[in-house]
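Novice: Chains as they are written, first to last, in this note's numbering: chain A, 6 to 155; chain B, 982 to 1515.
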Amino acid sequence: MNESASLLHDATFMRAILELVIPPSEDGRLPGAGSLGLAGNLAGQIEADPILGPVVQAGLAAVQVAAMARDPGGLAALPPAARLEVVESELSAQPQCTMGILRYLYVAYYAHPRVLEGLGEPARPPFPQGYELEPTDPGLLATLGRRRRP
Amino acid sequence: MSNEPVGVLIIGAGASGAAFAWSIAETGMSVLCLEQGPWMRSQNYPSNGLDWEERGMGPFAASPNTRRLPADYPVNEEQSEISPLMFNAVGGSTILWAGHFPRLTPNDFRVRTEDGVADDWPIDYATLEPHFSLNDRMMGVSGLAGDPAYPPHEPQLPPLPFGRLGNVLAGGFERLGWHWWPSDSAILSQEYGGRAPCINLGSCVLGCAQGAKASTDITYWPQAQRRGVRVRSGCRVCEITVRPDGMADGVLYHDEEGQLREQKAEIVVVACNGIGTPRLLLNSKSTQHPGGLANSSGLVGKNLMFHPYAMITGVFDQSLAGRRGPIGCAFWSHEFYRSDPARGFVRGYSFEAMRSLGPAQTALWGMLRGRIPWGANHHAAYAQLYDRTASLLAITEDLPEETNTVTLDQVLTDSDGIPAPKVTYRLSENSRKILAHATARAQEVLVAAGAVETIVEPLMRAAGWHLMGTARMGRNPRTSVVNEWGRAHDVRNLFIIDGSIFVTAGAVNPTSTIQALALYIADAIKKNLDHLFD
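(1) Can the beta-carbon of P1340 of chain B be found less than 8 Å from the beta-carbon of E126 of chain A?
(2) Of all the CB atoms in chain B, is at least one closer than 8 Å to the CB of T141 of chain A?
(3) Can you look up Y1330 of chain B in the DSSP assignment and give me helix, strand or coil?
(4) Taking a Cβ distance cut-off of 9 Å, strictly less, list which residues of the stretch 1114-1145 of chain B are near chain A, in chain order.
(5) Per DSSP, what kind of secondary structure is V26 of chain A in: helix, strand or coil?
(6) Enumerate in chain order the residues of its own chain whose CB-to-CB distance from L1427 of chain B is below 7 Å, with the five nearest sequence positions on each side excluded.
(7) So, is L1244 of chain B buried or exposed, given that buried needs 16 or more other C-beta atoms within 10 angstroms?
(8) In angstroms, rounded to a whole number, what distance separates the CA positions of V1462 of chain B and P1225 of chain B?
(9) Under DSSP, the alpha helix (DSSP H) around S1114 of chain B begins and ends at which residues?
(10) Look up L1015 of chain B in the DSSP assignment and give the residues it is bridged to.
(11) Should N1057 of chain B go down as buried or exposed, given a rule of 16 or more other Cβ atoms within 10 Å for buried?
(12) Output yes or no for whether 8 Å exceeds the beta carbon distance between P130 of chain A and N1029 of chain B.
(13) Tell me which residue opens and which closes the beta strand (DSSP E) that K1403 of chain B is part of.
(14) Among A:Y136, A:A128, A:L124 and A:T141, which residue has its Cα nearest to the Cα of A1361 of chain B?
(15) Return the chain-ordered list of same chain residues with a C-beta closer than 7 Å to the C-beta of S1184 of chain B, the five sequence neighbours on each side being excluded.
(16) Using C-beta distances below 7 Å, list every residue in its chain close to L1301 of chain B, excluding the 5 sequence neighbours before and after it, in chain order.
(17) If contact means a Cβ-Cβ distance below 9 Å, which residues of the stretch 103-115 of chain A contact chain B?
(18) Using a cut-off of 8 Å between C-beta atoms, extract the partners of V91 of chain A located in chain B.
(19) Using only alpha-carbon positions, find the residue among B:N1069, B:A1052 and B:T1451 that is nearest to D1397 of chain B.
(20) Whose Cβ in chain A lies nearer than 9 Å to the Cβ of R1084 of chain B?
(21) For N1254 of chain B versus E1220 of chain B, is the C-beta distance shorter than 8 Å?
(22) When the Cα atoms are used, what is the spatial distance from S1320 of chain B to A1375 of chain B?
(23) Quick one: what does DSSP say V102 of chain A is sitting in, helix, strand or coil?
(24) So, is the C-beta of E24 of chain A closer than 8 Å to a C-beta in chain B?
(25) Only counting runs of 4 or more residues, tell me where the alpha helix (DSSP H) segments fall wholly within the stretch 1362-1435 of chain B, in order along the chain.
(26) Threshold first: 4 residues or longer. Then list the alpha helix (DSSP H) segments lying entirely within the stretch 1169-1254 of chain B, N to C.
(27) Can you give the beta carbon distance from L1262 of chain B to Y1406 of chain B, rounded, assuming they're within the 8 Å contact cut?
(28) Would you say H1081 of chain B faces chain A, with C-beta separation under 8 Å as the test?
(29) Verify the CB distance criterion: does T148 of chain A have a CB-CB separation below 8 Å to chain B?
(30) Please report the residue range of the alpha helix (DSSP H) in which I1495 of chain B lies.
(31) Tell me where the beta strand (DSSP E) around Q1024 of chain B begins and ends.
(32) Can you grab the Cα-Cα spacing for the pair Y111 of chain A / D15 of chain A, in whole Å?
(33) Cβ of P130 of chain A less than 8 Å from any chain B Cβ?
(34) Only counting runs of 3 or more residues, tell me where the beta strand (DSSP E) segments fall wholly within the stretch 54-125 of chain A, in order along the chain.
(35) Closest Cβ-Cβ distance between E122 of chain A and chain B: below 8 Å?
(36) From L107 of chain A to A1043 of chain B, what distance separates their C-alpha atoms?
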């Protein structure tokens, strides 16, 4: 495993960066992405992506290098404001890396039961229970009834 | 290695192959279907898991170039403005379709007569009507009779519920006085034929675990098999073989283990869709057919038509509960379907109401449009879009042009080494004008429905579901590939029954018409059995 790939498996580093990308919501209903244990799966998916994988790994390595220039402990060792500054600075210069992270993070985050509950959705797969759907407005149907082809 | 010869060999087990197989089995002939994909299992569909949206971007993606499953073949689309989409399995693309089930209108069969462009079909709506009806009964259709945009027909089941989103959108059309009508949907609103009704999973295009959406693996195929039709899955046909007199005598195919096998047949029926069919015909060159099978006209692979789509999304300041329910089956509008010289283009378009995206797709969609940032403002931006969007799809009529083609790629091959198709497609000026008109009208009606903002995707690239025109039908062998009942002009025991034979595309989803055509061709064969090869 090379150094940049190992960052994907550095739980502390990943937790720190994911929490910046999706922090907890202000009202506390939605958790931060760093607290959901998503990093392991994300690492596997990103590594397996032949196009975005190397871009993300390179981007993360740049983040860590920039962080270590401020504190030898790296990103996780920085105070919150400094972390944000480093990540914003590095990711804004690497939109492909950002897209690669978000591509996998958003999909994992918005499938997590705690996030679904926070959105007001049932924390379960669509099948087999399904969902209720409001009926068609009877007034609309009555309107169509008057236009029906005989 | 060779198998026992059969009477009828069908290549492709999708929408048309299934309908044809069920019908032709009535003759008592031995019928075999070769399908390159597998049988699907509903318990494996994404909606069984929380990761359903993730799987929709991988093994259930609509593009074969994304999925890259063993059943898929690659498509070179570098020279195409629209990406072809399809699914390879028993059931074909009906596994992943939305179940939106309009028919072509009577006007669509006589475009030349009506508007002086393209060509008329050699058949008309009235000829297909009994086959439309039969197909509706086989698939199970929900809808509301009486749409003034169509001749009378009677869906078996009441329309699907609109939900809040459908009610809001329909209100916009009502305020402007524009045509709208509950869609015919091949999705069950009530139990039908032993299949359970829709429970609003919202994941129709990833396979329907409930079985409420009609895919031919659960509609036609079980009934066809009861009639004795055999389906051999995992078998990829690489060539249709011919006798010295030029008639088809079977196929060569790779079986599940990749072994090359031979299957002889008296009648060969091609049902591989508007890209797979010309690919196979062009791959079937012989001394008798040096330009590819059934290609004396030179039109195999030409006149490729998609339905160019625009998607116009309204953002509302209320929850629309929009991600639940059949994604594309609330209502349609034919307000701008027919030509109007004042608009500056010929032909027209329909609208299809679409539901909101799921939680993850909302985030990705918002990201790609710069609407949902990462960081501190993420949640606020997300909340403005999630469950608050409703979209209209504008489905525009593409006219046939010989420069839009399916050819064989000189380099790219599938896993069996068979040359892959190369799609060359450029949007016409007429289609661009239609899309622009549709986009403006959609914005207008979304605002009338209460949208506080609209977001426009003026041409959807990943929307090449409808593959038509590449082996067109007609009476003249010099200007068409098959005759008015699907028989190849050049090869009298070769039939083509999929969207390839469309002469024009209309501006509605084609599956209902594709299947009606397949049933009509099967009937024509039955009626002409005594002199089929004359």
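A virtual CB, placed ideally from N, CA and C, is assigned to each residue, including glycine. Note that the coordinates shown come from a computational prediction; the quantities given were computed from them, not determined experimentally.
Specialist: The structure says:
(1) E126 of chain A sits close to P1340 of chain B, with the two beta carbons spaced by under 8 Å.
(2) Interface residue, yes.
(3) Residue state for Y1330 of chain B is assigned as strand, using DSSP reduced to three classes.
(4) Taking 9 Å as the Cβ-Cβ cut-off against chain A, the residues of the stretch 1114-1145 of chain B that qualify are L1125, A1126, G1127, D1128, P1129, A1130, Y1131, P1132, P1133, P1140, L1141, P1142, F1143, G1144 and R1145.
(5) DSSP, reduced to helix, strand and coil, places V26 of chain A within a helical segment of the structure shown.
(6) G1153, I1293, G1295, L1373 and T1435, listed in sequence order.
(7) Just to set this straight, residue 1244 of chain B is Gln in the shown sequence, not Leu. Looking at its Cβ environment, which holds 16 or more other Cβ atoms inside 10 Å, Q1244 of chain B is buried.
(8) One C-alpha to the other measures close to 21 Å.
(9) Per DSSP, S1114 of chain B belongs to the alpha helix (DSSP H) from Y1106 to M1120.
(10) As computed with DSSP, L1015 of chain B is found in a beta bridge with B:I992 and B:R1213.
(11) Flag for N1057 of chain B reads buried.
(12) A distance below 8 Å separates the beta carbons of P130 of chain A and N1029 of chain B.
(13) K1403 of chain B: member of the beta strand (DSSP E) spanning P1400 to Y1406, first to last residue.
(14) For the residues A:Y136, A:A128, A:L124 and A:T141, the minimum Cα distance to A1361 of chain B belongs to A:L124.
(15) Apart from the 5 residues on each side of it in sequence, S1184 of chain B sits with its Cβ closer than 7 Å to the Cβ of P1027, S1028 and W1033 in its chain, given in chain order.
(16) For L1301 of chain B, the CB contacts under 7 Å within the same chain, skipping 5 residues up- and downstream, are R1145, L1146, V1149, S1337, D1368, R1369 and A1371 in chain order.
(17) For the stretch 103-115 of chain A, the beta-carbon criterion of a distance under 9 Å to any beta-carbon of chain B is satisfied by T103, M104, I106, L107, R108, Y109, L110, Y111, V112, A113, Y114 and Y115.
(18) Listed along chain B, no residue sits closer than 8 Å to V91 of chain A by beta-carbon distance, the nearest being about 13 Å off.
(19) For D1397 of chain B, the nearest C-alpha among the options comes from B:A1052.
(20) Neighbours of R1084 of chain B on chain A: none; closest Cβ ~14 Å, over 9 Å.
(21) No. Outside cutoff.
(22) When rounded, the distance between both Cα atoms is 15 Å.
(23) Contrary to the premise, residue 102 of chain A reads as Cys rather than Val in this sequence. In the three-state reduction of the DSSP assignment, C102 of chain A falls in the helix class.
(24) E24 of chain A does not count as touching chain B.
(25) Unbroken alpha helix (DSSP H) runs of no fewer than 4 residues, entirely contained in the stretch 1362-1435 of chain B, are found at 1410-1430, following chain order.
(26) Assignment of alpha helix (DSSP H) within the stretch 1169-1254 of chain B, counting only whole runs of 4 or more residues, yields 1201-1207 in chain order.
(27) Contact flag wrong, Cβ pair sits at about 19 Å.
(28) Not one chain A Cβ lies under 8 Å of H1081 of chain B.
(29) Yes, T148 of chain A lies at the interface with chain B (some Cβ there is under 8 Å from its Cβ).
(30) Unbroken alpha helix (DSSP H) run through I1495 of chain B: T1492 to K1508.
(31) Run containing Q1024 of chain B: none; DSSP gives neither H nor E here.
(32) Rounded to the nearest whole angstrom, the CA to CA distance from Y111 of chain A to D15 of chain A is 20 Å.
(33) For P130 of chain A, the answer is yes, since a Cβ of chain B falls inside 8 Å of its Cβ.
(34) None, since the stretch 54-125 of chain A contains no complete beta strand (DSSP E) of that length.
(35) No, its Cβ sits nowhere closer than 8 Å to a Cβ of chain B.
(36) Taking the straight line from one Cα to the other gives about 21 Å.
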